[in-house]
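To keep things clear, I will list the structure first and then write my remarks on it.
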Amino acid sequence: MALKVIDHKVVYKGRVFNTIVDEVEYESGNKGVREVAEHPGGAVVLPVTNDGRIAFVYQYRYPLDGYLYELPAGKLEPGEPPEVCARRELQEETGYEAGSLEKLTAIYTTPGFCTEKLHIFIARDLKDGKQHLEEGELGLSIKYLTPAEAFDMVRQNEIVDAKTIVGLFFLAKFQGA
């Protein structure tokens, strides 16, 4: 579908994303409005310990007013390669450094209104280090689960974060978890 952009406005520039409102014209000649959350993307890490458990972060999420089990993740800095972001976020949130880091896949989180693309990696050969949590992450804790425990939690709606579920299913399907 070809859309003609008649007017393009950045109505909000934020720390995490920008909000864009475009007036468009469809092939039919009808006009419409498209709202876009412009996001720089990010990296997600599935950290597998030497004994086969997965290190999850359990953290408070303000928009949901609750805690979620998630894989460590974070936003790409301008010009930052996804692998560099993945290593940084793993170390910041868990304290671990990855001996090996392999890209599993990349996903668009909500393509109906958002440009966010997340690059999902698996980290192995983890080496202990020190966490460097940001102020909003200070209540974050690390929870270790076997793949079987994690999938049970997905089935019980205890793990509901989409990027985490995609990472787990990709691990099971293609990595033999």
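Per my numbering: the sequence shown ends with 278, consecutive numbering throughout. Backbone N, C-alpha and C fix where the C-beta goes; we use that ideal spot for every residue, glycine too.
Measure how close the beta-carbons of ILE221 and THR206 come, nearest whole angstrom, since I'm counting them as under 8 Å. Numbered from 1 along the sequence shown, position 120 holds the residue referred to as residue 221. Numbered from 1 along the sequence shown, position 105 holds the residue referred to as residue 206. 5 Å between Cβ atoms; contact.
Within 10 angstroms of its Cβ, does GLN257 collect 16 or more other Cβ (buried), or is it exposed? The count along the sequence shown starts at 1 and reaches residue 257 at position 156. Exposed is the call here.
In three-state DSSP terms, what is THR265? One-based indexing of the sequence shown puts residue 265 at position 164. Assigned with DSSP and collapsed to three states, THR265 falls in helix.
Assuming TYR197 contacts ILE260 under a Cβ cut-off of 8 Å, what Cβ separation, rounded to an integer in Å, is found between them? Position 96 of the sequence shown, counted from the first residue, corresponds to residue 197. Position 159 of the sequence shown, counted from the first residue, corresponds to residue 260. Not a contact, Cβ separation roughly 20 Å.
On a Cα-Cα basis, can you pick out the residue from GLY230, ALA273 and GLN160 that is closest to ARG189? By 1-based counting over the sequence shown, the position of residue 189 is 88. Answer by Cα proximity: GLY230.
Should THR109 go down as buried or exposed, given a rule of 16 or more other Cβ atoms within 10 Å for buried? Residue 109 sits at position 8 when you count from the first residue of the sequence shown. In the sequence on display, residue 109 carries His and not Thr. Residue environment: HIS109 is assigned as exposed (fewer than 16 neighbouring CB atoms within 10 Å of its CB, all protein chains considered).
Rounding to the nearest angstrom, what Cα-Cα distance links MET254 and GLU181 in this structure? Sequence index remark: in the sequence shown, residue 254 carries index 153 (1-based). Sequence index remark: in the sequence shown, residue 181 carries index 80 (1-based). Computed Cα separation, rounded: 33 Å.
Whole-angstrom Cβ separation of ALA144 and GLU128, contact assumed at under 8 Å? As a first step, residue 144 must be located in the sequence shown, where it is residue number 43. As a first step, residue 128 must be located in the sequence shown, where it is residue number 27. Actually they do not touch by this definition, with Cβ atoms about 37 Å apart.
Proximal residues to GLU280 (C-beta, below 6 Å), its chain only, five neighbours per side dropped: Limits of the chain in this structure are 102 at one end and 278 at the other, which puts residue 280 out of reach.
Residues in its own chain within less than 8 Å of ILE266 by CB, not counting five upstream and five downstream? Start at 1 with the first residue of the sequence shown, and residue 266 comes out as number 165. Excluding residues within five positions, the ones whose Cβ falls inside 8 Å are VAL255 and ILE260.
Is VAL149 buried or exposed, if buried means 16 or more other CB atoms sit within 10 Å of its CB? Here the question's residue 149 lines up with position 48 in the sequence shown. Its Cβ being crowded by 16 or more others within 10 Å, VAL149 is buried.
What span of residues does the beta strand (DSSP E) with LEU191 cover, start to end? Residue 191 sits at position 90 when you count from the first residue of the sequence shown. Unbroken run through LEU191 is the alpha helix (DSSP H), 183 to 195; no beta strand (DSSP E).
Let me check one thing: in DSSP terms, what residues is THR206 bridge-paired to? For the purposes of this step, residue 206 is taken as the residue at position 105 of the sequence shown. DSSP lists ILE221 as partners of THR206.
Taking the alpha helix (DSSP H) that PRO248 falls in, what are its first and last residues? Reading the sequence shown from its first residue, position 147 is the one you call residue 248. For PRO248, the enclosing alpha helix (DSSP H) covers residues 248 to 256.
Under three-state DSSP, which class holds ALA156? Working through the sequence shown from its first residue, we reach residue 156 at position 55. Annotated three-state conformation of ALA156 is strand, per DSSP.
Looking at C-alpha atoms only, which residue of TYR209, ILE208 and CYS186 is the closest neighbour of ALA333? In the structure displayed, the chain extends from 102 to 278; residue 333 sits before or after that span and is not available.
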